[in-house]
Amino acid sequence: MPVQSVPSASPYQLDYAELNWQEGDAPAATQYNDIYFSGHQGLEETEYVFLQHNQLQQRWRQLGSGNSSTSTIFTIGETGFGTGLNFLAAWRLWQQQAPDNWQLHYFSVEKHPLRLQDLQRSLNTWPELHSFAKQLITEYPVLLPGHHLLKFDQGRVTLHLLLGDAIDCLEQLHCSDHPELMLADDIKAYPQVDAWFLDGFAPAKNPSLWNDPLYTLIAQLSAAGTTLATFTAVGDVRRGLAKQGFNMEKTTGFGNKREMLKGVLTQHYPHYDTTLKTRKKGLSAPWYVAGHSAKKKQVTIIGGGLAGTSSAYAMAQRGWQVTLVERTPALAQGASGNSQGMLYTKLSPKPGKLNQFTLSSYLYALRFYRQLLEQQHLSPEQLDFCGVLQLATDEKEKKLQQQLQQLFAGQPELVQFFDSTQASEVANIELTHPGWYFPQAGWLSPSDLCRSLATHPRIEIVYNTEVLELEYEQQWKVNSTSGNTLSQNTLCCAEVVIIANSRDAIQFKQTESLPLKTIRGQITGIESTGKLAQLNTVICHEGYLTPAINGAHSLGATFDNNDSNTTLRNQDHQRNLQSLLQAIPSLTKDFIDVDMDSLTGRASLRCTSRDYLPLVGPVHNYQQFLEDYAPLRKNAHLPFSTPGSYYPGLYINVAHGSRGLTSTPLCSELLAATICNETAVLPRELVSALNPARFVIRDLVRNKI
């Protein structure tokens, strides 16, 4: 498919790499008039410059030997992802040399990413990397600005691909940009990089990637002993890195190149501005900074729905022993118990935090579920990437479709735009409205997903146990309904607890202040007959309609605030049917004589927040927040250096609303990364936007509390 022209003003677009192909399918960037690698010697150059001069083979062989540290993560940072050659070479060496219980975290920034077809052509040069390249190509993300999380080798290798300006992207890896907190020894304000690959184009051709602000960020994200290597030997680069505390050394370059640079951080010079006098909106906010380090890899998780089981899976994948506590006799008995749920996203012409999050979580969910399907953790009867068609049923939505078509031009792998005839063809039923189509989306059985995730061998499930209260005495005492233990102790004690029990989270005194809302939703099950049986794809309108499973379609869903009655109602079946027939009148004849009493369905309670973003992160001490930040009531711009007060080892993952299938995989990864002191899987601004403490800060600023 030819690449369409892209409007330069679109916030959803990147400037892709424009390539000239040289002999041997070696790509050169026209933007910088420079090559990505040295022809057929590119792999040898990578191994020499980056792997050898960061001493990775020797260091990885020694991981875990005589090391008392509980960390089992090695982190590589890279400036310039390019063709991904450096990543693939490092991955291959990691697989050969590192212990099985260690994880490789590799983050890389790229301002001009290669299109998928260019990436594939570039990597065809090295058949010895074929198995690795094939996986990268399969997981290569839709090229939207922001952070993209890719998992390989059952989670043993993680690639954080940061698309955008290098300084902007790297700065967002800090959990705080508050100068005083970034200097505090007891606050982990940044991920620790063990080795750097500095691989932008030559400094003379790409000066924006070789400057003092970038060197400062590199030092801030490093610690004593961090190494780096780069193909360049330019004096300004050597001096700039030396100013940051790196002991820089020239050494023999690769091939015909006479010299290159390598270095090690011997002294940490954190060059932060400590003269903070005012706080700009959204910056230098200390209240979202929380530090905790677990001594044992054990966690108790409360709630057996999507949030609980996905959190359990994310922690188990990191080697943690998980106790999953569910109050009912089975998993997924609440809103996660529907037979079919939609896997898609909503698009907006305004890229606010809600839309940034929904897009990021949707794209990660697609990769996550595709891997589960490939690994046979889910079957085609439980997951179908059949596509989702969003109909534009009124003039407002048709105008929105026109706006989106301009903003997302040239990204057919994400979304396509159809008139009514094209929409009818893809759905295989007659439609009278245009719409936009998500070709990679589809439906999934939430209950089957929960059960599959919970089969991980490190997850133990305790059923028929309702947690009534949490008490902290060096560890968390988890008091259950019967007062009995979840193990053989008097009370179940856990250093880390994750609350993932939806709206019931407010029953605990630590989380009773959270502004959670309850929304009742009823779905209707309808028999697959007539024209309806021909449906090929999920259709969204005011409600939604899924293709059939076991001879029935799911139709839904009602949306009623502050209604906690889960009894099925015929009038809600009627509402679902009316919504469907208004959107797809060609189905009217199939439902002329429907008996409402004969319809099946299910009513459940969704949990959401005021701003419709989930609550994911550490649990704050509400009363201490009120005391520490009370002056915000009078002046929202006062500078603070007091970090937020959080309960040690207590976290929450709730309020996913009707988007739990899409949002819980990424949120659970974010929470697990937070608990394990890993590189955040989202930019700091989005991590803060999900922090449960955001509401108390907003209410103080607005003088509501």
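Just add 41 to the spot in the sequence shown (first one is 1) and you have our numbering.
In this text, a Cβ means the ideal position worked out from N, Cα and C, and glycines have one as well.
Please read all numbers here as calculations on a predicted model, not as lab measurements.
Residue i - DSSP class collapsed to helix/strand/coil
i    : result
A264 : strand
L170 : helix
R368 : coil
K337 : coil
E536 : coil
T124 : coil
Q144 : strand
T526 : Since pLDDT at T526 reaches only 46, below the 50 mark, its modelled position is unreliable, and the value read off the structure follows with that caveat. Three-state DSSP puts T526 in coil, outside helix and strand.
S461 : helix
A677 : coil
T531 : Caution is warranted here: a pLDDT of 36 is assigned to T531, below 50, making its placement in the model unreliable, and no coordinate value can be reported.
R499 : coil
A482 : coil
W344 : Per the sequence presented here, residue 344 reads as Gly, with Trp not at that position. If DSSP states are grouped into helix, strand and coil, G344 belongs with coil.
N396 : helix
Q563 : strand
H188 : strand
K322 : A caution first: K322 carries a pLDDT of 43, below 50, which makes its placement in the model unreliable, though a value can still be read off. In the structure shown, K322 sits in coil (DSSP, three-state: anything other than H, G, I, E or B).
S109 : Legend: pLDDT at S109 = 43, less than 50; position of this residue unreliable, value from coordinates given subsequently. Here S109 sits in coil by DSSP.
S380 : coil
N61  : strand
Q161 : helix
G658 : strand
Neighbourhood of residue i by C-beta distance below 8 Å, restricted to the same chain and skipping five residues each side
i    : result
F287 : A260, L269, G304, V305, L306 and T307
S605 : T559, R561 and L646
T292 : H94, E300, M301, L302 and K303
F736 : L555, P556, S650 and R651
Y354 : L494, A495, H497, I500 and S709
Beta carbon of residue i nearer than 8 Å to that of residue j
i    : j    : result
G690 : E536 : yes
Y663 : F681 : no
V275 : G118 : no
Y513 : E367 : no
S402 : T703 : yes
Y410 : L424 : yes
V508 : I716 : no
E726 : K394 : yes
L191 : R408 : yes
L712 : Y692 : yes
P588 : C427 : yes
L384 : G483 : yes
Residue i, enclosing beta strand (DSSP E) - first and last residue
i    : result
T715 : From DSSP, T715 is part of no beta strand (DSSP E) but of the alpha helix (DSSP H) over G701 to I716.
T434 : Run containing T434: none; DSSP gives neither H nor E here.
M301 : E300 to L306
D235 : V234 to L239
Y687 : Y687 to V695
R647 : T641 to T649
E290 : F287 to T293
G597 : A593 to G597
Q516 : Q516 to S521
A67  : A67 to A70
Distance between beta carbons of residue j and residue i, contact taken as under 8 Å
i    : j    : result
L506 : S521 : The sequence as given places Thr at residue 506; Leu does not occur at that position. That pair is a contact at about 5 Å.
I738 : S627 : About 50 Å; that fails the 8 Å criterion.
G751 : E151 : In the structure as shown, the chain starts at 42 and stops at 746, and residue 751 therefore has no counterpart that could be examined.
P655 : H188 : The pair is not a contact, with the Cβ atoms about 17 Å apart (cut-off 8 Å).
L586 : L621 : 6 Å
H153 : Q213 : Actually they do not touch by this definition, with Cβ atoms about 19 Å apart.
I178 : Q381 : So it is not a contact: roughly 30 Å between Cβ atoms.
Own chain, CB closer than 7 Å to residue i, minus 5 neighbours either side, in chain order
i    : result
V742 : L673 and A677
T607 : A644, S645 and L646
W135 : W101, L145 and V198
Q444 : P390
I564 : N379, S595, L596, G597, A598, G642 and R643
Q665 : S686
Boundaries (first-last residue) of the alpha helix (DSSP H) holding residue i
i    : result
S488 : P487 to L494
D740 : R735 to V742
Y663 : Y663 to D669
Q623 : N611 to A624
V728 : R725 to L731
C210 : A207 to E212
N505 : Per DSSP, N505 belongs to no alpha helix (DSSP H) and is neither H nor E.
V278 : G276 to K284
Heavy atom of the ligand NAP within 7 Å of residue i beta-carbon
i    : result
V183 : In terms of ligand content, the structure shown is empty, and the ligand NAP therefore cannot be addressed.
Own chain, CB closer than 6 Å to residue i, minus 5 neighbours either side, in chain order
i    : result
P140 : L104 and G105
G571 : D631
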